[in-house]
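In this note's numbering, the protein residues as written are 100 to 420.
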């Protein structure tokens, strides 16, 4: 008997073949009388009489249980290896968690102190107080997102929720989260969005963590410049409709000229107080999503970090003429 979960798909394959007078193929499970299950591939075609009426179905059934089991074991081994790699990375990431959380928690403390000073003085500006409270809520959400993102990074199960995302919208949300940091550092972030960008399938919290890391690094890179030169550009573009690219460009001192990709290595940092783990986490997240990330020095000055993610299935856009 065909496994109950796959009967509908098998019947649909038969119906399509009969309707189009073509061949059919189905891979499904058979439940044997003694309870065991076998995987089979059924291939066949519909034969008609001279009047075009269905005469019979002919085909062949191939037992592929051994191949299926072998493939399943290989998949399990790959998942185990990937999990072990993530757990090993987690051991190195312990200090990085504090680094990732330090910024939003410091911002919460600073805003809370400012609000308390206003209350003590008695000259409360309701608008300013509301802004401080909103920033505290946003920073607490950021801290939670960092924790959820790192937890999902090492989680062995497949419960990490992915959805079809518009990266332009994710960038806009991320920039709202860092708006207080941008103002505090007297910097300017501009965007150049490709409105024909294909959607991607990804975990929103993790992609936002990537963007937060890249943007905060860019803010650090321009911090020593005069305020008028503290510029960051976030750009998106479609690559032949098959993938989407996001880049974060700063106008700071740039990357090591001999090996710009070294910034993704464990414990490598261009900052005196940096632990060199943020970009390692970023790379792991992007690669988990089937993407790539690179870094390069800009032609005039500064650095550009860019990552690419494959378009969501069914959302690839044809190359413009």
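Where a beta carbon is used, it is the ideal one built from N, C-alpha and C, also for glycine.
Please read these numbers as outputs of a predicted model, since none were measured by experiment.
Flag residue i as yes if its beta-carbon sits less than 8 angstroms from any beta-carbon of chain E, otherwise no.
{"i": "residue 306", "result": "Looking for chain E here will not work: only one protein chain is present."}
What do you reckon, are the CB atoms on residue i and residue j nearer than 8 angstroms?
{"i": "residue 331", "j": "residue 318", "result": "yes"}
{"i": "residue 265", "j": "residue 292", "result": "no"}
{"i": "residue 303", "j": "residue 242", "result": "no"}
{"i": "residue 214", "j": "residue 279", "result": "no"}
{"i": "residue 288", "j": "residue 311", "result": "no"}
{"i": "residue 137", "j": "residue 104", "result": "no"}
{"i": "residue 406", "j": "residue 390", "result": "yes"}
{"i": "residue 263", "j": "residue 308", "result": "no"}
{"i": "residue 107", "j": "residue 127", "result": "no"}
{"i": "residue 129", "j": "residue 100", "result": "yes"}
{"i": "residue 237", "j": "residue 276", "result": "yes"}
{"i": "residue 400", "j": "residue 392", "result": "no"}
{"i": "residue 231", "j": "residue 201", "result": "no"}
With a CB to CB cut of under 8 angstroms and the five nearest residues on each side skipped, what residues in its chain are close to residue i?
{"i": "residue 144", "result": "116, 121, 122, 123, 156, 157, 158"}
{"i": "residue 397", "result": "348, 350, 353, 403"}
{"i": "residue 423", "result": "The chain is shown only over 100 to 420; residue 423 falls outside these bounds and no answer can be derived."}
{"i": "residue 131", "result": "137"}
{"i": "residue 240", "result": "276"}
Go through its chain and collect everything with a Cβ distance to residue i's Cβ below 7 angstroms, but skip five positions before and after it.
{"i": "residue 370", "result": "Because residue 370 carries a pLDDT of 48, less than 50, the predicted location of this residue cannot be relied on, and the following value inherits that uncertainty. The answer, listed in chain order, is 319."}
{"i": "residue 256", "result": "Only weak support is given to the placement of residue 256: the predicted model assigns it a pLDDT of 48, under 50, and the value that follows is read from those uncertain coordinates. So no residue of the chain qualifies."}
Under the DSSP definition of a beta bridge, which residues are partnered with residue i?
{"i": "residue 336", "result": "344"}
{"i": "residue 145", "result": "156"}
{"i": "residue 127", "result": "139"}
{"i": "residue 262", "result": "301"}
{"i": "residue 288", "result": "331"}
{"i": "residue 403", "result": "348, 395"}
{"i": "residue 101", "result": "129"}
{"i": "residue 410", "result": "299"}
{"i": "residue 122", "result": "144"}
{"i": "residue 293", "result": "BP columns for residue 293 are empty, so no partner."}
{"i": "residue 162", "result": "139"}
Between which residues of its own chain and residue i is the CB-CB distance below 6 angstroms, once the five residues before and five after are set aside?
{"i": "residue 290", "result": "333"}
{"i": "residue 411", "result": "263, 298, 299, 300"}
{"i": "residue 409", "result": "342, 389"}
{"i": "residue 160", "result": "139, 141"}
{"i": "residue 338", "result": "344"}
{"i": "residue 384", "result": "305, 309"}
Can you tell me which of the options puts its alpha carbon nearest to the alpha carbon of residue i?
{"i": "residue 102", "options": "139, 413, 270, 384", "result": "139"}
{"i": "residue 395", "options": "381, 413, 355", "result": "355"}
{"i": "residue 413", "options": "342, 386, 381, 392", "result": "342"}
{"i": "residue 208", "options": "134, 235, 218, 344", "result": "235"}
{"i": "residue 336", "options": "401, 270, 232", "result": "270"}
{"i": "residue 152", "options": "169, 210, 118", "result": "118"}
{"i": "residue 345", "options": "322, 222, 313", "result": "313"}
{"i": "residue 261", "options": "387, 380, 131, 338", "result": "387"}
{"i": "residue 141", "options": "113, 150, 134", "result": "113"}
{"i": "residue 244", "options": "222, 219, 272, 220", "result": "272"}
{"i": "residue 378", "options": "315, 148, 219", "result": "315"}
{"i": "residue 380", "options": "322, 294, 246, 154", "result": "246"}
{"i": "residue 164", "options": "150, 135, 148", "result": "135"}
Give a single yes or no on whether residue i has its beta carbon closer than 7 angstroms to a heavy atom of the ligand SAM.
{"i": "residue 335", "result": "The ligand SAM is not among the ligands present in this structure, which contains no ligands whatsoever."}
**Report entry** Cβ contact check for the stretch 280-288 and the stretch 326-336: 3 or more pairs under 8 angstroms
**Finding:** yes
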